[in-house]
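S.K.: In the numbering used here, the protein residues as written are 26 to 150. Backbone N, C-alpha and C fix where the C-beta goes; we use that ideal spot for every residue, glycine too. As the structure is a computational prediction, the values presented were derived from the model and not from experiment. Okay, handing you the structure first.
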């Protein structure tokens, strides 16, 4: 059972790191047309709106690789922040919404897995 949990944890961790790395390498790139969907801006929000949600996204998902080192309180906070950020993604262009929603869900799932593992470990003590 422990080996299965560890394997699942590692699989989710690898997916999160890969998704985060892919987003970081493509984040600064655009086709140069000036269209808001080129940079993933929120519809009608302009550059400040784009920066606000992407900064929140990066901040929320930044600790997935170290999620087991976070306290249970920190994990719960990050889980609630991912839930709140889901609403912000609704204003994105469809393809960006799909990509960032999936990446956000992976971050949420990683934090949730870590929290459950810590809670389970605490009950065994």
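With DSSP as the reference, label residue 98 as helix, strand or coil.
M.R.: Helix.
S.K.: Roughly how far, in whole angstroms, is the beta-carbon of residue 103 from the beta-carbon of residue 88, given that I think they are within contact range, below 8 Å?
M.R.: That belief holds up - the Cβ atoms of residue 103 and residue 88 are roughly 7 Å apart, short of 8 Å.
S.K.: Quick one: using the 10 Å Cβ neighbour count with 16 as the cut-off for buried, is residue 120 buried or exposed?
M.R.: Answer is exposed; the Cβ neighbour count stays below 16.
S.K.: Taking the alpha carbon of residue 138 as the reference point, which residue from 82, 97, 113 has its own alpha carbon closest?
M.R.: It is 97.
S.K.: Check residue 129 in the structure and name its three-state DSSP category.
M.R.: In this structure, residue 129 counts as helix in the three-state DSSP scheme.
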